Each structure stands twice: as C-alpha cells, then as structure tokens.
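All remarks here apply to the structure that follows.
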Amino acid sequence: MGDKKYQVFISSTYTDLVNARAKISEQILTLYHFPIGMEMFSAGDDDQWTVITNTIDKSDYYVIILGHRYGSLADDGFSYTEKEYDYAKSKGIPIMAFIKDRNVPTSPNERENNPKSIKKLERFIEKVTQNKMCDFWSNEDELTSKVTAALFKAFTLTPQIGWIRANTIDTTKALEELTKLSAENRELKEELESLKKKLQLSIPEILVEINRDEKVNIPFNYEMKVNKLSLYSVIEEKDVPEHLQPYITKESIEKHNLLVEETNVKIEDYNRELESYKRAIDMGTEYEITLCNDGKAKATNIFVDMCFPEEVEVIEGGIDDLTKPEIPELPKDPLQVAEEKYYEERFKFPLAGVSHFYSDKALFGGVGLNRGILNWSSSSSLNINKNNLISFSDNELTIKCSSLMHTRKRTFSEKFLIVPKSVGDFKIEMNIICEEYTEAINKEIVINVYKESLPC
201 MGDKKYQVFI SSTYTDLVNA RAKISEQILT LYHFPIGMEM FSAGDDDQWT VITNTIDKSD
261 YYVIILGHRY GSLADDGFSY TEKEYDYAKS KGIPIMAFIK DRNVPTSPNE RENNPKSIKK
321 LERFIEKVTQ NKMCDFWSNE DELTSKVTAA LFKAFTLTPQ IGWIRANTID TTKALEELTK
381 LSAENRELKE ELESLKKKLQ LSIPEILVEI NRDEKVNIPF NYEMKVNKLS LYSVIEEKDV
441 PEHLQPYITK ESIEKHNLLV EETNVKIEDY NRELESYKRA IDMGTEYEIT LCNDGKAKAT
501 NIFVDMCFPE EVEVIEGGID DLTKPEIPEL PKDPLQVAEE KYYEERFKFP LAGVSHFYSD
561 KALFGGVGLN RGILNWSSSS SLNINKNNLI SFSDNELTIK CSSLMHTRKR TFSEKFLIVP
621 KSVGDFKIEM NIICEEYTEA INKEIVINVY KESLPC
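The numbering of the sequence shown is our numbering, which starts it at 201 and goes up by one.
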C-alpha cells in the first residue's frame, strides 16, 4: 500500500450502532486510513442526499453495518442506509457488509417495532447477503476484527485510487509524462480525423431510381367500373311465379338454399379478384429499378429493402403478365331451370334467346375458380428465382446486386406494377446496405398519386 491512504465510507443506522461505528472508525484510523460517515458532517444548506452521494463518490471503499433497525426514511420510503448501499453498488465501489447475528439478544431501542419497517429490513438484509464480501458478527470486538481483516484483503486485491501526499510525487517527471501523452493524444486524434475523411471520400453512394426517376407519379382513376356477379338469394316457395310452379320442385329449392352460402363465398372471391385485376389493368403502371453508384468506390454485396406504403399495391411482373379471372363454376338457379323448361314447352325453343335476363347472376356456370388471377398474391411467401436479382414479398421488394462500380448504373430486367388505392403523397421506405457501409442507410422515395378521370 505504501504511502497511499484510502477513504472508507461507514454506513449504518445510527442510534443502535453508535458504539460499533465509533470502534470501526478508531480501527481504520489506527490503520492510517480515513473513516468517514454522515455523522461527521454538521448541518448545512446543501441537500442531505447530495452531500451523501458526493461523499460516497470520493470514497475508495464502502463498509455497511446492519443491526436490527431499518433506520430513518427518506421521502421515497427507503431508509438512507439502504439508499447509500444501492448508490455505492451502482458506482462500482468495493462493498464490505457486516450483519449482526439475528440470534443475539437486543434491547427494545436496538430493534424495530414497526411491522412495515421490519419487513423492509428483512428484504434489505436479503439483498445485502447477496454481496460477495458479507459476514456476520455477534459483538463489537468481533465486528472490529472482521472489518480489519476485510479491509486488508480489499486493499490488496482491489486497490483503489486513494490519496498520496503531493510532496512525495516527482512533479517534474509527471509533468513531462503528461505533456508527452497529451502530444501523442493530439497526433492520434488528427490521424483519426484524417482517416475518417479519407474513408468518407472513398465509399460508395448507392441511389435507387424507379423508371430512372427519384420520384413516382401515378394517376388514379375514380371512375373504374367492375361488372361483378350478383350474390345468390334464398328462394321461398311462396315467391315462385305461378307459371313456373309446375317446373320446380321443393327438393330443388331446398338444395339450392343449402348451397347459397357456399356459392356466395365463391362469388365474393371472384368479385374480389376481378376488382383487383380491373384495378391493375386500369391503373397499374409498369416500373423497373435502376441502382446507381454516385460514390468514389466500388460497392459489393448490395442489398436494398423497399417497403411500399399500404396506399398502393405492388405486383410482380408487367401488364401482359396479368391473367383475367375465370368465372367460377356455380350451381344453376332452380328458377332459371324452371324458366328454361317453361319457354321450351310453350314456345318450342330453348331459353338461349333470353339468357341475357340472367347473365348478371352467371347462372350458366364456368370452368372453375382461378385463384391466381394476378400470378401474385400480397400474402404469398418470398418468391426468389435463382436468376432474379429482385424478389417480392407482401408489399415489399428486395434488390440484390453482387457489385456496382462507382459512377455506374444497373437497370434490372424484372418489371413490376404499382397500383394505387387512394390519392395523396406517400413514401417508399428504403434500407440500403453493402459491404463498404459500416451501417445501413435509410432513404425515401416519394409516390405522388393524383386524380385522373377517364374520358367520356
């Protein structure tokens, strides 16, 4: 330890441990170190807790002595002793804890009689016993002996800054060393700044263009019309026209009614797909992606994630890749069948000549429901072709490029459609990373969807 002196902060409840604190303080002084505790300060204008924390900050070691009292409470309901312990632990100061044996007899003024304080003390003791340097004591002599041994061990194993007399230090040598270190520090800072500037000048700058532009403008057609199929309805026997009653049976009506719900699900699916197809045909605009490197260095292993706003729909492929949905196969309406029989018997020709009366209900069936009308689905899993460098998932698009020389551009062959759902200015959020970047760069592309009506 040499001539180094340590400041040891002593923490405990006061009235019940006055003698114990005094003996510990005397022992520390005999070791030629400095004991310090809050009872050594007179009242002042400073906030009490501020004084405590400042004193702990300047201490090298922290000794806590616990008896059978919790101590005076601060405004937050915790005792000052517990707050001091928590603060010293948070500052990383070596802590030595000494807890009075719970079986030692005590006088009334040495123990808690408040049930709440007793519970708080028990929790506090449980916390303190988790400390590595924790011991128990039965009397003051034993306490003094254990504190002395613990301090010697701490001084050896965990030496702290401590205090040294100024006249024992070679100030000239220390000043020269400090001057040398300051000069080295300054040179290293200048070299670091120079390297940072060179690094900034020699990194790629990745830009993304959509149709060779950094802004997207899309027209929105409010007048889009879709000829949807009408939903089936339940048939009541009393609603069957009189002239059709001979040609319709109760069983056919009941069978029809049982299938109404299932049939309407098919119709709604078809109508939804037809609307998506119609929207894509009327308002979808084809786009292609161009990556640009405006930096001063080659970029390698480039990844760009583009997240499109929910106000637009992104579809893989171009207009020519869209497939119109086919009319689903639907059961015939019993009323239609009865109408056909009625006309054949009465007018001696099939109902084909008046089939337009029922065409809006698609009563003639079809070749089956096609779920893949757009060859893409917003809920599809990630679709990556080995030769593709752009992949699509939900309303997101991922670009992968193995390398791009500086000042060069690369336009990808994979086309896609952007289909607007509403008018307004929206943003494509982009996350760009490459081998040469230390962290990802976030950028945006503005999508302007403007109103455009179809000509009359």
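In this text, a Cβ means the ideal position worked out from N, Cα and C, and glycines have one as well. Quantities reported herein were computed from a predicted structural model and do not represent experimental measurements.
Could you say which of Ser290, Ala350, Tyr285 lies nearest to Glu326 if we only look at CA atoms?
Of all alpha-carbon atoms in Ser290, Ala350, Tyr285, the one lying nearest the alpha-carbon of Glu326 is that of Tyr285.
One question on the structure: do Cys507 and Glu629 come within less than 8 Å of each other, judged by their Cβ atoms? Taking 8 Å as the Cβ cut-off, Cys507 and Glu629 qualify as a contacting pair.
Inset, instruction - Please name the residue in Leu231, Glu391, Lys204, Tyr262 whose C-alpha comes closest to that of Ser212. - result: Measuring from the Cα of Ser212, the nearest candidate turns out to be Tyr262.
### Query
For Asn331, is the beta carbon positioned less than 7 Å from some heavy atom of the ligand FMN?
Judged by which ligands are present, the structure shown has none, so any question about the ligand FMN falls away.
_Same chain, Cβ closer than 8 Å to Glu672, neighbours up to 5 away in sequence not counted_ = Absent from the structure is residue 672, since the part of the chain shown begins at 201 and ends at 656.
Can you look up Glu486 in the DSSP assignment and give me helix, strand or coil?
The answer is strand: DSSP assigns Glu486 an E or B state.
What do you get for Ile647, buried or exposed, if any count of 16 or more other CB atoms within 10 angstroms of its CB means buried?
The residue is buried, with at least 16 neighbouring Cβ atoms inside 10 Å.
When you compare the region 517 to 533 with the region 632 to 650, are there three or more beta-carbon pairs, one atom per stretch, that lie closer than 8 Å?
Too few Cβ pairs lie closer than 8 Å, so no.
Fill in: Within the region 217 to 265, ranges of the beta strand (DSSP E) (whole runs, at least 3 residues)
The qualifying runs are 234 to 236.
**Prompt:** What are the boundary residues of the beta strand (DSSP E) that Thr598 is part of?
**Reply:** For Thr598, the enclosing beta strand (DSSP E) begins and ends at 596 to 604.
Point to revise | Residue burial classification, Lys651 (beta-carbon count within 10 angstroms, cutoff 16) | key: Of the residues assessed, Lys651 falls on the exposed side of the cut-off, its CB having fewer than 16 other CB atoms within 10 angstroms.
Quiz item: The beta strand (DSSP E) with Tyr650 in it runs from where to where?
Solution: From DSSP, the beta strand (DSSP E) with Tyr650 extends over 641 to 651.
- Identify the residues that DSSP records as bridge partners of Glu409: which are they? According to DSSP, Glu409 bridges with Thr490.
Per-residue burial, Thr329 [other beta carbons within 10 Å of its own, 16 or more giving buried]: By the neighbour-count rule (16 or more Cβ atoms within 10 Å), Thr329 is not buried but exposed.
TODO: Between the Cα of Thr253 and those of Thr281, Ile406, Phe336, Phe352, spot the shortest distance and give me the residue it belongs to.
DONE: Closest by alpha carbon: Thr281.
Would you say Ile265 and Arg221 are within 8 Å of each other, going by their C-beta atoms?
-> Yes. Within cutoff.
**Asked** Which word fits Pro359, buried or exposed, when buried means at least 16 other C-beta atoms lie within 10 angstroms of its C-beta?
**Response** Pro359 is classed as exposed because its beta carbon has fewer than 16 other beta carbons within 10 Å across all chains shown.
**Item:** Burial state of Ser622 (16 or more Cβ within 10 Å)
**Value:** Here Ser622 is exposed. Its C-beta has fewer than 16 other C-beta atoms within 10 Å.
task = Answer with buried or exposed for Pro446, where buried requires no fewer than 16 other C-beta atoms within 10 angstroms of its C-beta.
result = Exposed.
CB-CB under 6 Å to Ser433, same chain, minus the five flanking residues each way: which ones, in chain order? Here the set comprises nothing.
* Report yes if the C-beta distance between Pro528 and Lys466 is below 8 Å; otherwise report no. => Cβ atoms of Pro528 and Lys466: closer than 8 Å.
Below 7 Å CB to CB, which residues in the same chain sit around Val426 once its five sequence neighbours on both sides are set aside? Cβ neighbours of Val426 beyond the five flanking positions: Leu474, Glu475, Lys478.
Notebook entry, point to check: Mind checking Glu391: buried by the 16 CB within 10 Å criterion, or exposed?
Noted result: Counting other Cβ atoms within 10 Å of its Cβ, Glu391 stays below 16 and is therefore classed as exposed.
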